[in-house]
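Peer 1: For reference, the structure I am asking about is given below.
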Amino acid sequence: MNKYLLYPGCSLQRNARSYRDSLVAIQPELAMELEEVDDWNCCGATEYGSVYAVARHALVARNLAHAKAQSNGIPPTVVAPCSACYLNLSKTDHVLRTDKRMASLVNDALQAGGLNYQPGSVGSRHLLDVIYNDVGLEVIRSHVTNPLKGLRVAPYYGCMIVRPDVDDHFSSTEYPLELDELLAALGATVIDFPLKTHCCGGHMTQISPEVAYEMIRRLIAAGDHYRADVMVTLCPMCQLNLDAYQGDMNSHFKTDYHVPVLYFTQLMGLAFGHDPLELGLGKEFVSARDALARIGVELPEEEPVAPKPAVRRKDDPSLPMPTPLDGGAKREEKGS
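Reading the sequence shown from the start, the letters are residues 10 to 345 in this note's numbering.
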């Protein structure tokens, strides 16, 4: 049984809950034990880091410090399913390893909370890296009971997981193959997708919707051009942009694309024989019902989806602000 510390990040608590549910579902087949980092906080996956670097790295280092303190008996490796979280965790550790002054300033900040972090004492890895390299394709193939034969998939990595890849976890910063090979091991037909590491637009939907829609259009149009039944991703931000804003993009360009966007863990769960409901399937904005029906997977009746985040008006000078979830209801406890 491989043991790791899990840094779920904010997205897996809400909009990427399907990612978390599908990961939990396939853990037994992968023989992975994931222990959530205690008292973790947001990785700060916003643009404020370019304004105040010390606060940015201190925010991330707090998670690393907690992980190190918790790693008694567990290899000090933090696994992040979110590409933005993984990038921030690995980048902060790299900066603190190479910049002694920054490391000193960050530890001064951490001391206010009774914490300390020794750069390099905790490794940061993306979930795909761990599944591909530690679990391995042979084990994955051994658990495939319902091969995804006939399902055409476009592997979409996004731009953050492989760049800058400071610790060389992936085969290429421009054209990686790990996700391609994993999907092929599930029996799917993997498209040689040329835009696999292009940017989805990140937070651009809240800054300049027109720019965001064009970035989303390029990816969705390419998936449609290569006749992908689904696009498969490993990042909550990528999934959100390509799925939740696909309708807005269609309205903006007067197009009619319909390309479902799923998490790679959801397809692993299907290939392993799990129930679609257990994997969070059917909750996406762009329905995957027709695509999955081609491989004999029946999704339940569609439920109304939650409203999308509002796009700010061009003349709104204010910064985007968080809004209460569930009408201000108490936030779910972590792990629930």
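By construction, the Cβ of each residue, glycine as well, lies at the ideal position given by its N, Cα and C atoms. These numbers come from a predicted model, not from an experiment.
Here's the rule: buried if 16 or more other CB atoms are within 10 angstroms of the residue's CB, otherwise exposed. What is residue 24?
Peer 2: Locating residue 24 in the sequence shown gives position 15, counting from the first residue. With 16 or more Cβ atoms within 10 Å of its Cβ, residue 24 is classed as buried.
Peer 1: To the nearest angstrom, how far is it from the Cα of residue 360 to the Cα of residue 125?
Peer 2: Residue 360 is absent from the structure shown; the chain starts at 10 and stops at 345.
Peer 1: Along the beta strand (DSSP E) that carries residue 274, what are the first and last residues, could you check?
Peer 2: The residue labelled residue 274 in the question sits at position 265 within the sequence shown. Note, residue 274: premise wrong, no beta strand (DSSP E); alpha helix (DSSP H) at 273-280.
Peer 1: Enumerated in chain order, which unbroken segments of the alpha helix (DSSP H) with a length of 4 residues or greater are wholly contained in the stretch 111-196?
Peer 2: 136-139, 146-151 and 187-194
Peer 1: Mark residue 292 as exposed unless 16 or more other C-beta atoms lie within 10 angstroms of its C-beta, in which case mark it buried.
Peer 2: The count along the sequence shown starts at 1 and reaches residue 292 at position 283. That one is buried.
Peer 1: Quick check on the burial criterion: 16 or more other C-beta atoms within 10 angstroms. Buried or exposed for residue 158?
Peer 2: Start at 1 with the first residue of the sequence shown, and residue 158 comes out as number 149. Residue 158 should be labelled exposed.
Peer 1: What are the boundary residues of the alpha helix (DSSP H) that includes residue 107?
Peer 2: Your numbering for residue 107 matches position 98 in the sequence shown. According to the DSSP assignment, residue 107 belongs to the alpha helix (DSSP H) that extends over 92-107.
Peer 1: What residues in its chain sit with their C-beta under 8 Å from that of residue 265, if we drop five residues either side in the sequence?
Peer 2: By 1-based counting over the sequence shown, the position of residue 265 is 256. Excluding positions up to five away in sequence, the list reads 259.
Peer 1: Would you identify the three-state DSSP class for residue 70, choosing helix, strand or coil?
Peer 2: One-based indexing of the sequence shown puts residue 70 at position 61. Residue state, collapsed to three classes: helix.
Peer 1: Less than 8 Å between the beta carbons of residue 88 and residue 139, yes or no?
Peer 2: Residue 88 sits at position 79 when you count from the first residue of the sequence shown. Residue 139 sits at position 130 when you count from the first residue of the sequence shown. In this structure, residue 139 lies closer than 8 Å to residue 88 by Cβ.
Peer 1: Which of helix, strand or coil does DSSP assign to residue 240?
Peer 2: The residue given as residue 240 occupies position 231 in the sequence shown. Strand, per DSSP.
Peer 1: List the DSSP bridge partners of residue 44.
Peer 2: Counting from one through the sequence shown, the residue named residue 44 turns up at place 35. Paired residues: 14.
Peer 1: Using alpha carbons as the reference points, say which of 99, 198, 161 and 271 lies closest to residue 31.
Peer 2: In the sequence shown, residue 31 corresponds to position 22, counting from 1. Of the listed residues, the one whose Cα sits closest to residue 31 is 271.
Peer 1: Note down the Cα distance separating residue 217 from residue 210, rounded to an integer number of angstroms.
Peer 2: In the sequence shown, the residue the question calls residue 217 occupies position 208. In the sequence shown, the residue the question calls residue 210 occupies position 201. So the alpha carbons of these two residues sit roughly 10 Å apart.
Peer 1: In this structure, does DSSP put residue 54 in helix, strand or coil?
Peer 2: Against the sequence shown, residue 54 aligns to sequence position 45. The answer is coil: DSSP assigns residue 54 none of H, G, I, E or B.
Peer 1: How long is the line joining the alpha carbons of residue 112 and residue 99, rounded to whole angstroms?
Peer 2: Taking the first residue of the sequence shown as 1, we reach residue 112 at position 103. Taking the first residue of the sequence shown as 1, we reach residue 99 at position 90. Cα to Cα, the separation comes out at about 14 Å.
Peer 1: Please name the residue, chosen from 242, 224 and 142, that lies closest to residue 257 on a Cα-to-Cα basis.
Peer 2: As a position in the sequence shown, residue 257 is number 248, starting the count at 1. For the residues 242, 224 and 142, the minimum Cα distance to residue 257 belongs to 224.
Peer 1: Got a sec, what are the start and stop residues for the alpha helix (DSSP H) residue 220 sits in?
Peer 2: Taking the first residue of the sequence shown as 1, we reach residue 220 at position 211. 218-234 is the span of the alpha helix (DSSP H), which, as asked, contains residue 220.
Peer 1: Which of the three DSSP states, helix, strand or coil, is assigned to residue 25?
Peer 2: Stepping through the sequence shown from its first residue, residue 25 is reached at position 16. Reduced to three states, the DSSP call for residue 25 is coil.
Peer 1: DSSP on residue 89, reduced to helix/strand/coil?
Peer 2: Numbered from 1 along the sequence shown, position 80 holds the residue referred to as residue 89. Strand, per DSSP.
Peer 1: Using a Cβ-Cβ cutoff of less than 8 Å, which residues in the same chain neighbour residue 220 once the five nearest sequence positions on both sides are dropped?
Peer 2: Taking the first residue of the sequence shown as 1, we reach residue 220 at position 211. Result list for residue 220: 210 and 213, in chain order.
Peer 1: Closer than 8 Å by C-beta to residue 231: which residues in its own chain qualify, once you throw out the five before and the five after it? Chain order, please.
Peer 2: As a position in the sequence shown, residue 231 is number 222, starting the count at 1. Answer for residue 231: 163, 202, 203 and 204, listed in chain order.
Peer 1: Determine the DSSP secondary structure at residue 33, reduced to helix, strand or coil.
Peer 2: For this step, residue 33 is matched to residue 24 along the sequence shown. Residue 33 falls in the helix class under three-state DSSP.
Peer 1: With H, G and I counted as helix, E and B as strand and the rest as coil, what does DSSP make of residue 199?
Peer 2: Residue numbering aside, residue 199 sits at position 190 when the sequence shown is read from its first letter. Reduced to three states, the DSSP call for residue 199 is strand.
Peer 1: Just confirm the distance between the C-beta atoms of residue 92 and residue 167, as a whole number of angstroms; I'd bet it's less than 8 Å.
Peer 2: For this step, residue 92 is matched to residue 83 along the sequence shown. For this step, residue 167 is matched to residue 158 along the sequence shown. Going by Cβ atoms, the distance from residue 92 to residue 167 rounds to 5 Å, so yes, they are a contact pair.
Peer 1: DSSP puts residue 270 in a beta bridge; with which residues?
Peer 2: Within the sequence shown, the letter at position 261 stands for residue 270. Answer is 240, bridged to residue 270.
Peer 1: Just reading off the alpha helix (DSSP H) that residue 291 is part of, what are its end residues?
Peer 2: Taking the first residue of the sequence shown as position 1, residue 291 is located at position 282. That residue, residue 291, is in no alpha helix (DSSP H); it is neither H nor E in DSSP.
Peer 1: From residue 121 to residue 67, what distance separates their C-alpha atoms?
Peer 2: Here the question's residue 121 lines up with position 112 in the sequence shown. Here the question's residue 67 lines up with position 58 in the sequence shown. Spanning the alpha carbons of residue 121 and residue 67 requires a straight line of approximately 11 Å.
Peer 1: Within its chain, find whatever has a CB closer than 7 Å to the CB of residue 141; leave out the 5 residues flanking it on each side and keep chain order.
Peer 2: Reading the sequence shown from its first residue, position 132 is the one you call residue 141. Cβ neighbours of residue 141 beyond the five flanking positions: 187 and 191.
Peer 1: What residue range is occupied by the uninterrupted alpha helix (DSSP H) comprising residue 250?
Peer 2: Numbered from 1 along the sequence shown, position 241 holds the residue referred to as residue 250. 245-253 is the extent of the alpha helix (DSSP H) around residue 250.
Peer 1: Residues in its own chain within less than 7 Å of residue 46 by CB, not counting five upstream and five downstream?
Peer 2: Numbered from 1 along the sequence shown, position 37 holds the residue referred to as residue 46. Cβ neighbours of residue 46 beyond the five flanking positions: 14, 15, 16, 72, 75, 76, 79 and 87.
Peer 1: In angstroms, rounded to a whole number, what distance separates the CA positions of residue 357 and residue 18?
Peer 2: Since the first residue of the chain shown is 10 and the last is 345, residue 357 is not available in this structure.
Peer 1: Check each candidate in 194, 102 and 198 and name the one with the smallest Cα separation from residue 52.
Peer 2: In the sequence shown, counting from the first residue as 1, residue 52 sits at position 43. Comparing Cα positions, the closest option is 102.
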